[in-house]
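For reference, the structure discussed in these notes is given below.
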Amino acid sequence: MPKQETQHFKYSMKEVIDRQIPLADMLKIEPTVMERLITERDFHRRIKLFKEEIGINIFTCNGLPAIIEYSLNKIYSSKGNVNMNQLAAETGYSTRYLRKQFDAHVGMPPKLFSQIVRFQNSLHMLLNKKAFTVWDVINENGYFDQSHLINEFKKFGYLTPTEFIDAVSKKF
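Residue numbering for the sequence shown follows the numbering used here, starting at 1 and increasing by one per position.
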């Protein structure tokens, strides 16, 4: 949810991270729209109504500062392997200012966001039908060693890479 315009929300992005907040409490929604959403019986029409009335406001991105846009693009294009000091230097701002802007607009520090992007890329590699080994994942995603990969997997996925692969292979 990082590319969100905060004016549509009642809370800052930092306030909603790791919390469960009812949609009506989270968004600025007209009571009539909420009532139509609740009373609509057809699921597909409810989805359509949500997209038309609420989604269009949520999923637009025209209010992010250039530093955040640039940083997000850099993090995504590098698959999460960005040095924060280097990123700050490229943007012309201090790491402290960059962190403050990320907290305000993304809801978490850039380093944590980068780790999540790297973890997502690692998951994608392991879920891909090609035969990637754990060492391929380590090398491709900039982990220092196997313990670094395992620690990050446990941090975000609560499993080791091997446990994850075993769990996925049992389901399919």
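Cβ coordinates follow ideal geometry from the N, Cα and C atoms, glycine included.
Within-7 Å CB hit, residue i to chain D
i	result
Val-117	Considering every chain present, this structure includes no chain D. It has just one protein chain.
Outcome for residue i when other beta-carbon atoms lying within 10 angstroms are tallied against a minimum of 16
i	result
Thr-32	exposed
Leu-23	exposed
Val-134	buried
Ala-88	buried
Val-106	buried
Ile-54	buried
Phe-144	exposed
Phe-102	buried
Met-1	Note on Met-1: pLDDT 43, under 50, position unreliable in the model; the coordinate value appears next. Looking at its Cβ environment, which holds fewer than 16 other Cβ atoms inside 10 Å, Met-1 is exposed.
Phe-43	exposed
Inter-residue spacing [alpha-carbon to alpha-carbon] between residue i and residue j
i	j	result
Glu-90	Val-137	27 Å
Lys-14	Pro-109	10 Å
Gly-142	Asn-81	6 Å
Lys-10	Ile-38	20 Å
Asp-166	Ile-116	22 Å
Lys-155	Ser-12	24 Å
Lys-74	Lys-171	35 Å
Lys-50	Asp-25	A quick correction: the sequence has Phe, not Lys, at residue 50. Each residue's alpha carbon lies about 16 Å from the other.
Val-217	Asp-18	Residue 217 is absent from the structure shown; the chain starts at 1 and stops at 172.
Asn-128	Glu-140	14 Å
Met-84	Ile-29	37 Å
Glu-35	Val-16	24 Å
Ala-104	Gly-92	18 Å
Thr-6	Ile-21	Residue placement at Thr-6 is poorly supported in this model, since its pLDDT is 43, which falls under 50; the coordinates still yield a value, given next. Computed Cα separation, rounded: 16 Å.
Lys-79	Ser-94	22 Å
Leu-27	Lys-48	18 Å
Ser-147	Leu-64	36 Å
Residue nearest to residue i in terms of C-alpha spacing, selected from the options
i	options	result
Leu-149	Thr-39, Glu-30, Asn-121 and Met-34	Asn-121
Phe-164	Phe-144, Arg-36, Leu-126 and Arg-19	Leu-126
Ala-76	Lys-51, Lys-111 and His-44	Residue identity check: residue 76 is Tyr in the sequence provided, not Ala. Closest option to Tyr-76, Cα to Cα, is Lys-111.
Pro-161	Lys-48, Leu-123 and Glu-35	Leu-123
Proximity below 7 Å, CB of residue i to CB of residue j
i	j	result
Glu-174	Phe-113	Beyond the ends of the chain as shown, which are 1 and 172, falls residue 174; an answer cannot be given.
Arg-46	Glu-40	yes
* Stretch pair the stretch 95-109 + the stretch 64-74: three plus CB contacts closer than 8 Å -> yes
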